[in-house]
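The working numbering puts the sequence shown at residues 4 to 104. A virtual CB, placed ideally from N, CA and C, is assigned to each residue, including glycine. Here is the structure we will look at.
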Amino acid sequence: MRKTKWFTFRNFFHRSSLTSSMKPRPVNAYSYSFVPFSPVAMLDPTILTIGGVVLGIAIIERILERWGVIDLVDQFSKVMRFILPVTFYGALFYFFATFMF
4 MRKTKWFTFR NFFHRSSLTS SMKPRPVNAY SYSFVPFSPV AMLDPTILTI GGVVLGIAII
64 ERILERWGVI DLVDQFSKVM RFILPVTFYG ALFYFFATFM F
């Protein structure tokens with residue numbers, strides 16, 4: 004059975020205990036990454052191709068808008084409103100399906 008140590012309130016706050024009541028234990032430290040994948044994996048040719056196609060369509064749409072072909076730009080925007088989310092989620096699914104964690 005351990006012997007109880009008595010401290011006065013003043014001594015407790017103004018003077019630290021000379022002996023520790025707890026014995027130090029060895030700590031096994033592990034290093035974990037908060038990012039489960041490498042950002043370099045985004046340089047996959049398929050992901051870059053899909054991104055390039057989407058970027059190219061957006062540039063073509065801006066060029067047509069500057070040329071004043073508003074009817075064609077309107078048709079592009081209607082089509083892209085459906086295609087862009089499908090492309091994004093498809094590329095995201097492809098990335099996580101083919102990447103080895």
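- Within the same chain, Cβ atoms closer than 8 Å to the Cβ of Leu67 are found at Leu75, Val76, Phe79, the five residues on either side in sequence being excluded.
- Taking C-alpha positions only, Gly54 is separated from Thr101 by approximately 17 Å.
- By the CB criterion at 8 Å, Leu87 and Val57 fall inside the cutoff.
- Between Tyr97 and Thr49, the beta carbon gap of about 6 Å places them in contact (Cβ cut-off 8 Å).
- The beta carbon of Arg13 lies closer than 8 Å to none in the same chain, with the five residues before and after it left out.
- Between Met83 and Ile60, the gap from beta carbon to beta carbon is short of 8 Å.
- In the displayed model, Trp9 falls within coil according to three-state DSSP, outside both helix and strand.
- DSSP places Pro29 in the coil class of the three-state scheme, outside both helix and strand.
- According to the DSSP assignment, Gly54 belongs to the alpha helix (DSSP H) that extends over 48-70.
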